[in-house]
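Accompanying notes for the structure given below.
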Amino acid sequence: MNSSDRSPEGLNSPEPKPKNFIQEMVERDLAEGRSGGRVHTRFPPEPNGYLHIGHAKSIHLNFGIARDYGGKCNLRFDDTNPLNEDPAFVESIRRDIRWLGFDWEDREFHASDYYDQLYEWAVHLVREGKAYVCELDEKEIREYRGTVTEAGRPSPWRDRPVEESLDLLERMRQGEFEEGRYTLRAKIDMAAANMKMRDPLIYRIRHAVHHRTGDRWKIYPMYDFAHCLSDAIEGITHSLCTLEFKDNRELYDWFVENCPVSSRPYQTEFARLNLTHTVMSKRKLKRLVEEGIVEGWDDPRLPTLSGMRRRGYTPEAIATFCDRIGVARTDSVIELALLEHHLREDLNARALRVMTVLDPLKLVITNYPEDRTEVFQALNNPEDPDAGTHELPFSRELWVERGDFREDAPRKWFRLAPGKEVRLKFAYFVTCEEVIRNEKGEVIELRCTYDPQSRGGQSPDGRKVKGTLHWVSARHAVECEARLYSNLFTEAHPEAEGKDLLECLDPHSLEIRPHCKAEPYLASVAVGESVQFFRHGYFVVDPDTNEERRVFNRTVGLRDSWAKLEKKLQPG
RNA sequence: UGGCCGGUCGUCUAAGGGUAGGACACUAGGUUUUGGUCCUAGUUGUGGGGGUUCGAAUCCUCCCCGGCCAACCA
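Residue numbers (my numbering): 146 to 717.
Below you can see the structure in the form of structure tokens.
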């Protein structure tokens with residue numbers, strides 16, 4: 146399927162894709178010659194956690210804008226708080242961005258690269274009378290700041306002589322004072338309606354070892370000071386961030402305008418991504434990991450990029466998803482179904498079809514010779530004739546899906562039931578003649594007869610069977626483990642009605658099937674590769690796979706219209 | 001209660017004074033050796049009241065609702 150086929154005029158008139166407000170802004174800026182006709186963006190993660198699907202939106206936006214308008218996009222680690230940051234996160238962030246398909250070339254930067262320059266500018270602000278060293282403690286600073294409805298009061302140190310501030314600042318840097326003793330603050334407006342402008346902190350004392358600068362620094366810059374100036378240093382033209390930074394923009398501009406920078410970046414805010422049935426905040430993700438609710442940052446139920454990769458998501462699916470959701474300034478929550486749609490769309494086009502029985506039930510073909518084996522050619526992918534075929538062995542004893550047999554078949558049941566005939570995919574028609582039970586009365590085996598004339602799955606007399614089942618030759622079956630993942634949360638909006646996150650957990654979000662039966666071809670699929678388990682869904686080979694054990698993660702199920710139908714039939 | 005931002009189908013997102021369109025979801029049908037895919041059709045929307053205008057989702061006004069801001073986090 147080619148999207149251009151849908152256009153009546155074909156390839157020559159692709160439907161014009163609407164532009165989002167950021168693209169419009171960039172085009173306008175380019176047309177007006179702002180920033181010298183340059184476009185330069187950046188993706189600025191703090192290395193204090195793993196990237197998630199929300200970051201993917203930002204990465205696609207920033208790198209996409211650069212790509213589409215002949216610009217560049219930097220990777221910059223916003224490492225201004227050594228307490229939270231870890232080089233392990235730096236590496237995971239690099240890996241995730243590369244996985245998404247983006248390349249920052251030689252432009253990997255760190256805010257810590259700029260500590261000297263930032264310090265110089267802080268000194269500049271003090272000399273200009275625009276910053277001062279304050280001795281209020283944390284609690285006092287909060288009190289003096291006032292509230293959203295009341296103006297703040299000036300710090301008693303606000304008018305400290307410049308030379309004194311300069312001296313104190315230098316000694317702060319040298320490590321002469323304990324943490325919390327002093328701060329450097331911008332002198333702006335304690336009565337500003339915008340709380341961010343009430344003499345915000347520029348530096349705080351931290352006797353911490355930074356993962357890149359070691360113990361060289363005893364003071365660390367705050368985000369609002371470091372971020373905008375880092376943008377200026379790098380010649381960023383468009384600094385894109387999420388909506389909650391709207392109020393910070395006034396401060397952003399203040400620092401850029403009051404420091405002798407040689408480049409003028411502009412901040413623009415867009416709505417962050419929210420998804421139903423999951424949580425996106427680092428705090429909540431961290432809680433799930435640390436309380437052992439999930440098995441780590443790469444747990445396939447998490448929306449972290451490493452989790453999604455392990456779940457079997459593809460970068461292509463994430464890309465088309467990001468493209469489709471757009472970029473706007475409205476707070477929004479995207480339905481998980483949309484993400485899953487793009488995932489199925491991608492996987493449907495390329496995942497090889499294989500047959501795996503998740504809940505095995507023995508099926509014996511009584512009129513098929515015991516010592517015989519046939520080999521059928523199984524189509525790898527009906528969506529892609531070029532994908533070829535693979536060999537599929539067939540014999541007298543097979544495994545079929547327990548759920549494909551019903552003693553008392555409901556209405557519109559196309560599958561196995563006493564006396565019913567079905568097609569075994571690529572093989573023969575079989576008819577269920579007898580049901581074998583154990584002493585507890587449980588069905589343990591189906592005895593069937595096959596029609597030799599139906600070889601390949603068609604009968605010469607043209608009779609139709611509605612049901613086509615997947616199966617695995619018992620003698621040739623490969624054992625494997627399937628991990629069936631579903632949403633971590635039962636609620637579309639966890640915590641929505643004052644519920645605690647943990648109350649919304651689905652206890653069945655992971656169901657392990659340790660003894661599945663797969664056709665032999667599956668043994669050759671490599672870790673990280675995706676396949677479709679016929680009639681079940683898309684699965685990916687998990688890294689836990691080794692010589693003794695093959696593990697498959699369910700990425701996403703196939704749509705199941707029978708499940709819907711059955712639900713509808715039931716009450717009536 | 002102060003400031004700022006924002007409200008278009010169930011969910012996202014277009015239309016920027018001139019036919020409210022697309023995608024997902026949902027419903028019904030068709031095709032099918034996956035109850036998958038694919039195809040066809042359909043339901044559903046401009047938060048509310050005033051105003052300007054031949055004409056308003058779009059401009060003005062009042063109201064309502066939602067989000068963000070009072071870390072030495074980012």
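Cβ atoms here follow ideal geometry from the backbone N, Cα and C, with glycine treated the same way. All values derive from a computational prediction rather than experimental measurement.
Length of the line joining the Cα atoms of residue i and residue j
i      : j      : result
His352 : Met367 : 15 Å
Thr576 : Pro163 : 55 Å
Arg326 : Lys284 : 12 Å
Lys507 : Tyr513 : 15 Å
Thr423 : His197 : 11 Å
Arg454 : Pro445 : 8 Å
Glu642 : Gln677 : 38 Å
Arg187 : Thr501 : 45 Å
Tyr260 : Arg694 : 50 Å
Tyr458 : His486 : 11 Å
Lys644 : Leu633 : 15 Å
Glu253 : Pro190 : 12 Å
Ala371 : Arg495 : 45 Å
Asp651 : Glu402 : 51 Å
Thr635 : Trp249 : 38 Å
Ser675 : Tyr683 : 7 Å
Val439 : Met425 : 15 Å
Glu552 : Pro563 : 6 Å
Leu503 : Ile210 : 45 Å
Arg639 : Leu646 : In the sequence on display, residue 639 carries Pro and not Arg. Roughly 6 Å between the two C-alpha positions.
Glu280 : Arg316 : 14 Å
Arg212 : Ser375 : 21 Å
His255 : Leu228 : 16 Å
C-beta atoms of residue i and residue j nearer than 9 Å
i      : j      : result
Phe679 : Val499 : yes
Thr449 : Asp491 : no
Arg349 : Glu323 : no
His185 : Ile470 : no
Ala619 : Leu543 : yes
Leu420 : Ala462 : no
Glu692 : Pro555 : no
Pro345 : Ala336 : no
Asp224 : Tyr195 : no
Glu389 : Arg417 : yes
Phe400 : Asp369 : yes
Phe550 : Arg560 : yes
Leu329 : Ala377 : no
Thr613 : Lys570 : yes
Ala473 : Phe208 : no
Ile333 : Arg318 : no
Pro460 : Trp302 : no
His205 : Asp606 : no
Gly601 : Phe539 : no
Delimiting residues of the beta strand (DSSP E) encompassing residue i
i      : result
Pro732 : Outside the shown range of the chain (146 to 717) lies residue 732, about which nothing can therefore be said.
Arg676 : Per the sequence presented here, residue 676 reads as Val, with Arg not at that position. That run of the beta strand (DSSP E) goes Ser675 to Phe678.
Gly702 : Val696 to Gly702
Phe684 : Gly682 to Val686
Tyr365 : Ile364 to Pro366
Ile350 : Leu346 to Ile350
Glu626 : Val623 to Tyr630
Tyr666 : Where Tyr666 is concerned, there is no enclosing beta strand (DSSP E), given that its DSSP letter is neither H nor E.
Leu718 : As shown, the chain starts at 146 and ends at 717. That puts residue 718 outside it, with no answer to give.
Leu447 : From DSSP, Leu447 is part of no beta strand (DSSP E); its letter is neither H nor E.
Thr328 : Thr328 to Ala331
Val278 : Ala276 to Cys279
Run of the alpha helix (DSSP H) containing residue i, from where it starts to where it stops
i      : result
Asp596 : No alpha helix (DSSP H) contains Asp596, which is instead part of the beta strand (DSSP E) from Val588 to Asp596.
Ile438 : Counting along the chain, Ile438 falls outside any alpha helix (DSSP H), and DSSP gives it neither H nor E.
Glu309 : Val307 to Gln319
Leu710 : Ser706 to Leu714
Tyr260 : Tyr260 to Arg272
Leu450 : Leu450 to Arg456
Arg290 : Glu283 to Arg290
Leu175 : Phe166 to Glu177
Every unbroken alpha helix (DSSP H) inside the region 376 to 421 [4 residues or more]: 393 to 403
4-residue-minimum alpha helix (DSSP H) runs that sit fully inside the region 458 to 517, ordered along the chain: 460 to 470 and 481 to 495
Sufficient close CB pairs (3 or more, under 8 Å) joining the region 413 to 430 to the region 175 to 189: no
Contained beta strand (DSSP E) runs [length at least 3] in the region 186 to 252, N- to C-terminal order: 217 to 222
The region 262 to 276 / the region 301 to 312 touching (three or more Cβ pairs under 8 Å): yes
The region 627 to 635 touching the region 654 to 664, judged by at least three CB pairs closer than 8 Å: yes
Every unbroken beta strand (DSSP E) inside the region 520 to 591 [3 residues or more]: 534 to 539, 542 to 546, 566 to 569 and 574 to 582
Three or more C-beta pairs below 8 Å linking the region 660 to 669 and the region 579 to 599: no
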